[in-house]
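Asker:
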Amino acid sequence: MRIFIGLILLAFPIAEIWLLIELGQQYGWWLLFYLVGIGWLGLQLIREEKLLFSGRMMQNMTLGGNPVKAMFGSARNMLAGVLLMLPGVITDIIAVILLLIPIKNNRPLNDQSQYEHSNASPYQTEKAANDDVIEGEFRRED
């Protein structure tokens, strides 16, 4: 089993380099433009994911979801960004496949539809005793 995994790890860079040489001979400078552009997109994906991670975590926890799902989604996007930054076509294909895998939403449908069309918070289940009271200051001017 170790030998098999070792052969796969050794064959992957060889296949990547062979494919880059073949595509370089066929497309020339366009391959370089492709690699630079895809590398820049991978860097942008990592930057955006770093900025959006804490917001996603807070939103997921506020809605009562599992924060592990948000962490796995962010880790998947970061891994895809790193794979896009690596020069190679096979790693780009793996990154695109990673980005296309959907993240399942495990919340029950009735919980989602219950609060979707109302302004109520998912945590507020009953009406408060003083909902019809408006607090404020009053000053009469003549």
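In my numbering, the protein residues as written are 1 to 142. We put the CB at the ideal spot given by N, CA and C, even for glycine. Note that this is a predicted model, so its numbers are computed, not measured.
Should I77 go down as buried or exposed, given a rule of 16 or more other Cβ atoms within 10 Å for buried?
Answerer: On the sequence shown, position 77 is the one that residue 77 refers to. Sequence check: residue 77 is Asn here, not Ile. Result: buried.
Asker: Looking at C-beta atoms only, is the number of pairs between the stretch 39-51 and the stretch 72-88 that lie closer than 8 Å three or more?
Answerer: Flag = yes, the stretch 39-51 and the stretch 72-88 touch.
Asker: For L138, which residues in the same chain have their Cβ closer than 6 Å to its Cβ, ignoring the five residues on either side in sequence?
Answerer: Locating residue 138 in the sequence shown gives position 138, counting from the first residue. One point to set straight first is that residue 138 is Phe, not Leu, in the sequence displayed. Same-chain partners within the cutoff: there are none.
Asker: Under DSSP, the alpha helix (DSSP H) around I143 begins and ends at which residues?
Answerer: Within the shown structure, residues of the chain are numbered from 1 to 142, placing residue 143 beyond reach of any answer.
Asker: I need the straight-line Cα distance from F53 to V96, nearest angstrom please.
Answerer: Here residue 53 corresponds to residue number 53 of the sequence shown, with the count starting at 1. Here residue 96 corresponds to residue number 96 of the sequence shown, with the count starting at 1. Between F53 and V96, the C-alpha separation is close to 20 Å.
Asker: Please report the Cβ distance between L10 and V89, rounded to the nearest whole angstrom; I am assuming they are in contact, meaning their Cβ atoms lie under 8 Å.
Answerer: The count along the sequence shown starts at 1 and reaches residue 10 at position 10. The count along the sequence shown starts at 1 and reaches residue 89 at position 89. Contact doesn't hold; Cβ gap of about 19 Å is too wide.
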